[in-house]
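**Student:** All the letters of the sequence shown, read from the start, carry residue numbers 59 to 350 under my numbering. Below you'll find the structure I mean.
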Amino acid sequence: MQENYSSIKHRFQTDGYVVVRNAVSEKLLQPVRDLINRNVDIHAQKLKSEGKINSTHSEASFERRLALIYNETESRMRSWNSFLFSQELFQLVRDNSILDVIEQLAGKEISFNGDYHLRPKLPGNTITAFPLHQDSQYYGVETGKILIISVWIPLVDVDENNGCLCLIPGSHNWGLLESARRADSNMVSTEDVEQRGNPVAVPMKCGDLIAFHNLTFHGSKVNNSSNVRWSVDFRFRETPGYRKMSTEEQEGHAVLEEELERSAQPPLVVRSSNPKTIGDYTSWEAARLRLK
59 MQENYSSIKH RFQTDGYVVV RNAVSEKLLQ PVRDLINRNV DIHAQKLKSE
109 GKINSTHSEA SFERRLALIY NETESRMRSW NSFLFSQELF QLVRDNSILD
159 VIEQLAGKEI SFNGDYHLRP KLPGNTITAF PLHQDSQYYG VETGKILIIS
209 VWIPLVDVDE NNGCLCLIPG SHNWGLLESA RRADSNMVST EDVEQRGNPV
259 AVPMKCGDLI AFHNLTFHGS KVNNSSNVRW SVDFRFRETP GYRKMSTEEQ
309 EGHAVLEEEL ERSAQPPLVV RSSNPKTIGD YTSWEAARLR LK
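Next up, the structure:
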(Lines of atoms letter the chains of each structure in order from A; the text may use other names.)
(Lines give C-alpha, C1' and ligand atoms only; values in the text may rest on other atoms or scores of the structure.)
Protein backbone atom coordinates (compact mmCIF):
# COMPACT_ATOMS: atom_id res chain seq x y z
CA MET A 59 0.00 0.00 0.00
CA GLN A 60 1.40 3.39 -0.98
CA GLU A 61 -0.46 6.00 0.99
CA ASN A 62 0.34 9.10 3.02
CA TYR A 63 -1.16 8.53 6.46
CA SER A 64 -1.62 12.24 7.17
CA SER A 65 -3.59 12.47 3.93
CA ILE A 66 -5.79 9.54 5.05
CA LYS A 67 -6.65 11.30 8.31
CA HIS A 68 -7.28 14.66 6.63
CA ARG A 69 -9.62 13.20 4.02
CA PHE A 70 -11.50 11.21 6.63
CA GLN A 71 -11.95 14.26 8.84
CA THR A 72 -13.02 16.40 5.88
CA ASP A 73 -15.29 14.03 3.96
CA GLY A 74 -16.26 11.46 6.58
CA TYR A 75 -14.67 8.72 4.49
CA VAL A 76 -11.43 7.84 2.78
CA VAL A 77 -10.62 5.41 -0.03
CA VAL A 78 -7.27 3.63 0.28
CA ARG A 79 -6.16 2.09 -2.98
CA ASN A 80 -4.34 -1.27 -3.12
CA ALA A 81 -4.72 -1.60 0.64
CA VAL A 82 -5.51 -5.31 0.86
CA SER A 83 -3.39 -7.95 -0.81
CA GLU A 84 -4.67 -10.68 -3.07
CA LYS A 85 -3.05 -13.18 -0.69
CA LEU A 86 -5.36 -11.94 2.09
CA LEU A 87 -8.55 -11.77 0.00
CA GLN A 88 -8.27 -15.09 -1.85
CA PRO A 89 -8.97 -17.26 1.24
CA VAL A 90 -12.19 -15.28 1.78
CA ARG A 91 -13.23 -15.83 -1.83
CA ASP A 92 -12.33 -19.53 -1.53
CA LEU A 93 -14.54 -19.77 1.58
CA ILE A 94 -17.41 -18.16 -0.32
CA ASN A 95 -16.85 -20.47 -3.30
CA ARG A 96 -17.07 -23.55 -1.07
CA ASN A 97 -20.34 -22.37 0.46
CA VAL A 98 -21.85 -21.37 -2.88
CA ASP A 99 -21.07 -24.91 -4.00
CA ILE A 100 -22.73 -26.41 -0.90
CA HIS A 101 -25.79 -24.23 -1.56
CA ALA A 102 -25.88 -25.20 -5.24
CA GLN A 103 -25.56 -28.92 -4.49
CA LYS A 104 -28.46 -28.65 -2.03
CA LEU A 105 -30.68 -26.86 -4.55
CA LYS A 106 -29.83 -29.45 -7.23
CA SER A 107 -30.57 -32.37 -4.90
CA GLU A 108 -33.97 -30.79 -4.19
CA GLY A 109 -34.68 -30.53 -7.90
CA LYS A 110 -34.75 -26.73 -7.85
CA ILE A 111 -31.93 -26.23 -10.35
CA ASN A 112 -30.64 -28.30 -13.25
CA SER A 113 -26.98 -27.37 -12.93
CA THR A 114 -24.66 -26.28 -10.15
CA HIS A 115 -22.75 -24.13 -12.68
CA SER A 116 -19.48 -25.29 -11.16
CA GLU A 117 -17.55 -24.03 -14.18
CA ALA A 118 -18.73 -20.43 -13.73
CA SER A 119 -16.57 -17.65 -12.35
CA PHE A 120 -16.72 -16.29 -8.79
CA GLU A 121 -18.60 -13.22 -10.03
CA ARG A 122 -21.05 -15.13 -12.21
CA ARG A 123 -21.90 -18.42 -10.51
CA LEU A 124 -24.51 -17.36 -7.94
CA ALA A 125 -26.31 -15.25 -10.54
CA LEU A 126 -26.62 -18.27 -12.83
CA ILE A 127 -27.86 -20.45 -9.97
CA TYR A 128 -30.53 -17.96 -8.99
CA ASN A 129 -31.61 -17.50 -12.60
CA GLU A 130 -33.00 -21.03 -12.29
CA THR A 131 -34.87 -20.74 -9.02
CA GLU A 132 -36.77 -18.42 -6.72
CA SER A 133 -35.10 -20.04 -3.70
CA ARG A 134 -32.71 -17.72 -1.89
CA MET A 135 -30.19 -18.33 0.85
CA ARG A 136 -31.41 -16.20 3.78
CA SER A 137 -28.04 -15.22 5.16
CA TRP A 138 -24.51 -15.32 3.83
CA ASN A 139 -23.05 -14.27 7.18
CA SER A 140 -23.10 -17.44 9.25
CA PHE A 141 -20.22 -19.26 7.55
CA LEU A 142 -18.14 -16.08 7.44
CA PHE A 143 -17.40 -16.40 11.16
CA SER A 144 -14.12 -18.10 10.37
CA GLN A 145 -10.34 -18.03 10.49
CA GLU A 146 -10.46 -16.32 7.10
CA LEU A 147 -12.47 -13.40 8.49
CA PHE A 148 -10.32 -13.29 11.62
CA GLN A 149 -7.14 -12.99 9.57
CA LEU A 150 -8.70 -10.23 7.48
CA VAL A 151 -9.92 -7.99 10.32
CA ARG A 152 -6.63 -8.19 12.23
CA ASP A 153 -4.31 -7.69 9.27
CA ASN A 154 -1.83 -4.85 9.68
CA SER A 155 -2.63 -3.38 6.27
CA ILE A 156 -6.12 -2.57 7.55
CA LEU A 157 -5.23 -1.78 11.16
CA ASP A 158 -2.54 0.67 10.08
CA VAL A 159 -5.30 2.70 8.39
CA ILE A 160 -7.63 2.46 11.38
CA GLU A 161 -4.88 3.57 13.75
CA GLN A 162 -4.61 6.89 11.89
CA LEU A 163 -8.31 7.49 12.53
CA ALA A 164 -9.04 5.96 15.94
CA GLY A 165 -5.67 5.76 17.71
CA LYS A 166 -3.51 2.86 18.82
CA GLU A 167 -6.10 1.03 20.98
CA ILE A 168 -8.39 -0.69 18.48
CA SER A 169 -11.25 -3.14 18.79
CA PHE A 170 -13.08 -4.94 16.01
CA ASN A 171 -16.75 -4.50 16.90
CA GLY A 172 -17.57 -8.11 16.08
CA ASP A 173 -20.24 -7.34 13.50
CA TYR A 174 -19.66 -8.09 9.84
CA HIS A 175 -21.60 -8.58 6.63
CA LEU A 176 -20.97 -10.54 3.47
CA ARG A 177 -23.09 -8.95 0.75
CA PRO A 178 -23.85 -10.67 -2.56
CA LYS A 179 -25.63 -7.93 -4.54
CA LEU A 180 -27.51 -9.92 -7.16
CA PRO A 181 -28.24 -8.56 -10.64
CA GLY A 182 -31.47 -6.55 -10.70
CA ASN A 183 -32.33 -7.35 -7.07
CA THR A 184 -33.90 -4.26 -5.49
CA ILE A 185 -33.72 -5.78 -1.98
CA THR A 186 -29.94 -5.32 -1.98
CA ALA A 187 -30.18 -1.64 -2.93
CA PHE A 188 -29.63 0.27 0.31
CA PRO A 189 -31.08 3.75 0.88
CA LEU A 190 -28.78 6.47 2.15
CA HIS A 191 -28.34 5.98 5.88
CA GLN A 192 -26.00 6.43 8.84
CA ASP A 193 -24.73 3.32 10.64
CA SER A 194 -25.63 4.78 14.04
CA GLN A 195 -29.26 4.81 12.91
CA TYR A 196 -29.03 1.03 13.35
CA TYR A 197 -26.89 1.01 16.51
CA GLY A 198 -28.83 3.56 18.55
CA VAL A 199 -28.93 7.30 19.20
CA GLU A 200 -26.25 7.19 21.90
CA THR A 201 -23.68 5.76 19.49
CA GLY A 202 -23.78 8.99 17.51
CA LYS A 203 -21.45 10.42 20.16
CA ILE A 204 -18.61 7.93 19.54
CA LEU A 205 -16.47 7.10 16.54
CA ILE A 206 -17.24 3.81 14.80
CA ILE A 207 -15.30 3.17 11.59
CA SER A 208 -16.81 0.96 8.92
CA VAL A 209 -14.43 -0.76 6.53
CA TRP A 210 -15.97 -1.86 3.23
CA ILE A 211 -13.95 -4.07 0.88
CA PRO A 212 -15.11 -5.15 -2.58
CA LEU A 213 -14.26 -8.72 -3.53
CA VAL A 214 -14.78 -7.83 -7.20
CA ASP A 215 -14.26 -4.55 -9.05
CA VAL A 216 -17.19 -2.19 -8.44
CA ASP A 217 -18.60 0.81 -10.30
CA GLU A 218 -21.91 2.56 -10.76
CA ASN A 219 -23.18 -0.20 -13.05
CA ASN A 220 -22.93 -3.00 -10.48
CA GLY A 221 -23.79 -0.94 -7.42
CA CYS A 222 -20.70 0.62 -5.85
CA LEU A 223 -21.07 2.63 -2.66
CA CYS A 224 -22.37 6.19 -2.81
CA LEU A 225 -21.52 8.58 0.04
CA ILE A 226 -22.32 12.21 0.87
CA PRO A 227 -19.05 14.02 1.62
CA GLY A 228 -19.11 15.96 4.88
CA SER A 229 -22.38 14.44 6.08
CA HIS A 230 -20.68 13.13 9.23
CA ASN A 231 -20.81 16.73 10.46
CA TRP A 232 -24.62 16.85 10.39
CA GLY A 233 -25.08 14.86 13.59
CA LEU A 234 -27.36 11.84 13.84
CA LEU A 235 -30.56 12.52 11.91
CA GLU A 236 -33.97 11.06 12.70
CA SER A 237 -34.79 7.86 10.87
CA ALA A 238 -37.40 5.16 10.54
CA ARG A 239 -37.31 1.48 9.64
CA ARG A 240 -38.83 0.57 6.28
CA ALA A 241 -40.83 -2.55 5.54
CA ASP A 242 -37.65 -4.22 4.23
CA SER A 243 -35.96 -3.52 7.64
CA ASN A 244 -33.59 -0.93 6.18
CA MET A 245 -33.26 2.38 8.01
CA VAL A 246 -33.96 5.60 6.11
CA SER A 247 -33.89 9.22 7.27
CA THR A 248 -37.19 11.01 7.70
CA GLU A 249 -35.90 13.91 5.61
CA ASP A 250 -34.53 13.99 2.08
CA VAL A 251 -30.81 14.14 2.83
CA GLU A 252 -29.97 14.75 -0.82
CA GLN A 253 -31.32 18.27 -0.29
CA ARG A 254 -28.38 18.76 2.08
CA GLY A 255 -25.64 17.18 -0.04
CA ASN A 256 -25.02 15.24 -3.22
CA PRO A 257 -24.06 11.54 -3.03
CA VAL A 258 -20.79 10.66 -4.74
CA ALA A 259 -20.35 7.26 -6.38
CA VAL A 260 -17.04 5.59 -5.45
CA PRO A 261 -15.78 3.03 -8.00
CA MET A 262 -13.20 0.69 -6.49
CA LYS A 263 -10.92 -2.13 -7.55
CA CYS A 264 -10.62 -5.42 -5.72
CA GLY A 265 -7.95 -4.76 -3.11
CA ASP A 266 -9.08 -1.20 -2.36
CA LEU A 267 -10.84 -0.37 0.89
CA ILE A 268 -13.05 2.46 2.02
CA ALA A 269 -13.26 3.53 5.66
CA PHE A 270 -16.15 5.75 6.73
CA HIS A 271 -17.61 7.40 9.84
CA ASN A 272 -20.73 6.03 11.54
CA LEU A 273 -22.50 9.34 10.79
CA THR A 274 -21.54 9.47 7.10
CA PHE A 275 -24.52 8.93 4.83
CA HIS A 276 -23.94 6.06 2.45
CA GLY A 277 -25.90 3.57 0.36
CA SER A 278 -25.86 1.66 -2.91
CA LYS A 279 -28.14 1.28 -5.90
CA VAL A 280 -29.34 -1.71 -7.91
CA ASN A 281 -26.78 -3.94 -9.57
CA ASN A 282 -27.45 -3.52 -13.30
CA SER A 283 -24.72 -5.90 -14.43
CA SER A 284 -25.09 -9.62 -15.10
CA ASN A 285 -22.66 -10.62 -12.33
CA VAL A 286 -22.81 -10.66 -8.53
CA ARG A 287 -21.25 -7.73 -6.70
CA TRP A 288 -19.59 -9.41 -3.71
CA SER A 289 -18.35 -7.27 -0.82
CA VAL A 290 -17.53 -7.63 2.85
CA ASP A 291 -17.72 -4.99 5.58
CA PHE A 292 -16.93 -4.78 9.28
CA ARG A 293 -16.42 -2.11 11.96
CA PHE A 294 -13.83 -0.86 14.40
CA ARG A 295 -13.71 1.57 17.32
CA GLU A 296 -11.38 2.80 20.00
CA THR A 297 -11.15 0.23 22.78
CA PRO A 298 -12.78 1.71 25.92
CA GLY A 299 -10.72 1.90 29.09
CA TYR A 300 -7.44 3.37 27.86
CA ARG A 301 -8.37 7.01 28.40
CA LYS A 302 -10.93 8.96 30.39
CA MET A 303 -14.12 9.26 28.35
CA SER A 304 -17.00 11.67 28.69
CA THR A 305 -20.33 10.43 30.03
CA GLU A 306 -21.76 10.61 26.50
CA GLU A 307 -18.92 8.47 25.14
CA GLN A 308 -19.34 5.91 27.91
CA GLU A 309 -23.07 5.69 27.16
CA GLY A 310 -22.36 5.30 23.45
CA HIS A 311 -20.00 2.40 23.99
CA ALA A 312 -22.39 0.78 26.48
CA VAL A 313 -25.32 0.94 24.03
CA LEU A 314 -23.15 -0.43 21.24
CA GLU A 315 -21.97 -3.32 23.41
CA GLU A 316 -25.57 -4.15 24.35
CA GLU A 317 -26.49 -4.29 20.68
CA LEU A 318 -23.51 -6.49 19.84
CA GLU A 319 -24.31 -8.84 22.72
CA ARG A 320 -27.94 -9.07 21.65
CA SER A 321 -26.88 -10.10 18.16
CA ALA A 322 -24.16 -12.51 19.44
CA GLN A 323 -21.36 -10.50 17.87
CA PRO A 324 -18.65 -10.14 20.53
CA PRO A 325 -15.98 -7.45 20.12
CA LEU A 326 -12.32 -8.34 19.82
CA VAL A 327 -9.26 -6.26 20.71
CA VAL A 328 -7.07 -6.35 17.61
CA ARG A 329 -4.34 -3.78 18.39
CA SER A 330 -3.12 -2.49 21.72
CA SER A 331 -0.16 -1.12 23.64
CA ASN A 332 -0.79 -4.08 25.96
CA PRO A 333 -0.31 -7.19 23.77
CA LYS A 334 -1.87 -9.42 26.44
CA THR A 335 -5.30 -7.89 25.74
CA ILE A 336 -5.26 -8.76 22.04
CA GLY A 337 -7.74 -11.54 21.36
CA ASP A 338 -7.09 -14.71 19.40
CA TYR A 339 -9.51 -16.72 17.31
CA THR A 340 -10.17 -19.28 20.05
CA SER A 341 -11.22 -16.66 22.60
CA TRP A 342 -13.35 -14.83 20.02
CA GLU A 343 -15.11 -18.05 19.05
CA ALA A 344 -15.69 -18.95 22.73
CA ALA A 345 -17.17 -15.50 23.41
CA ARG A 346 -19.58 -15.92 20.52
CA LEU A 347 -20.68 -19.36 21.68
CA ARG A 348 -21.46 -17.95 25.13
CA LEU A 349 -23.77 -15.34 23.57
CA LYS A 350 -25.64 -17.66 21.21
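Using N, Cα and C, we set each Cβ at its ideal position, and we do this for glycine too.
Suppose you measure from the CA of Asp338 to the CA of Val328; what does that come to, to the nearest Å?
**Tutor:** Rounded to the nearest angstrom, the two C-alpha atoms are 9 Å apart.
**Student:** Restricting to Cα atoms, I'd like to know which of Leu267, Leu223 and Arg122 is closest to Ala259.
**Tutor:** Nearest neighbour of Ala259 by Cα position, chosen from Leu267, Leu223 and Arg122, turns out to be Leu223.
**Student:** Below 8 Å between beta carbons: does that hold for Gly310 and Glu167?
**Tutor:** no
**Student:** Would you kindly report the start and end of the unbroken beta strand (DSSP E) that includes Gly310?
**Tutor:** Here Gly310 belongs to no beta strand (DSSP E); instead the alpha helix (DSSP H) covers Thr305 to Arg320.
**Student:** May I have the straight-line CA-CA distance separating Ser144 from Asp250, to the nearest angstrom?
**Tutor:** Distance from the CA atom of Ser144 to the CA atom of Asp250, rounded to whole angstroms, is 39 Å.
**Student:** With respect to the alpha helix (DSSP H) encompassing Tyr339, which residues constitute its N-terminal and C-terminal limits?
**Tutor:** Where Tyr339 is concerned, the enclosing alpha helix (DSSP H) stretches over Tyr339 to Leu349.
**Student:** Return the CA-CA distance between Asn285 and Cys264, expressed in angstroms with no decimal places.
**Tutor:** Each residue's Cα considered, the two are about 15 Å apart.
**Student:** In chain order, which alpha helix (DSSP H) runs of at least 4 residues are fully inside the segment 114-175?
**Tutor:** 123-129, 145-151 and 154-164
**Student:** Is it right to say Ala81 is buried, meaning 16 or more other beta carbons lie within 10 angstroms of its own, or is it exposed?
**Tutor:** With 16 or more other Cβ atoms within 10 Å, it is buried.
**Student:** Here's a check: name, in chain order, each residue in its chain whose Cβ is nearer than 7 Å to the Cβ of Arg287, leaving out the five neighbours to either side.
**Tutor:** Lys179, Val214, Val216, Asn220, Gly221 and Asn281
**Student:** Between which residues of its own chain and Ile111 is the CB-CB distance below 8 Å, once the five residues before and five after are set aside?
**Tutor:** Ala102, Leu105, Ile127, Glu130 and Thr131
**Student:** Quick one: what's Trp210 bridged to in DSSP?
**Tutor:** Ile268 and Asp291
**Student:** Is the number of C-beta pairs between the segment 171-187 and the segment 223-239 that are closer than 8 Å three or more?
**Tutor:** no
**Student:** Tell me the residue span of the alpha helix (DSSP H) that contains Ser194.
**Tutor:** Ser194 to Tyr197
**Student:** With DSSP as the reference, label His68 as helix, strand or coil.
**Tutor:** helix
**Student:** When DSSP builds the beta bridges, which residues end up paired with Val76?
**Tutor:** Ala269
**Student:** Can you tell me whether Asp173 is buried or exposed, with buried defined as 16 or more other CB within 10 angstroms of its CB?
**Tutor:** buried
**Student:** With DSSP collapsed to three states, give me the class of Glu200.
**Tutor:** helix
**Student:** Is the CB-CB distance between Asn162 and Thr274 below 8 Å?
**Tutor:** Residue identity check: residue 162 is Gln in the sequence provided, not Asn. No, the Cβ-Cβ distance between Gln162 and Thr274 is not below 8 Å.
**Student:** Could you check which residue in Phe141, Leu267 and Ser140 has the C-alpha nearest to that of Val76?
**Tutor:** Nearest C-alpha to Val76: Leu267.
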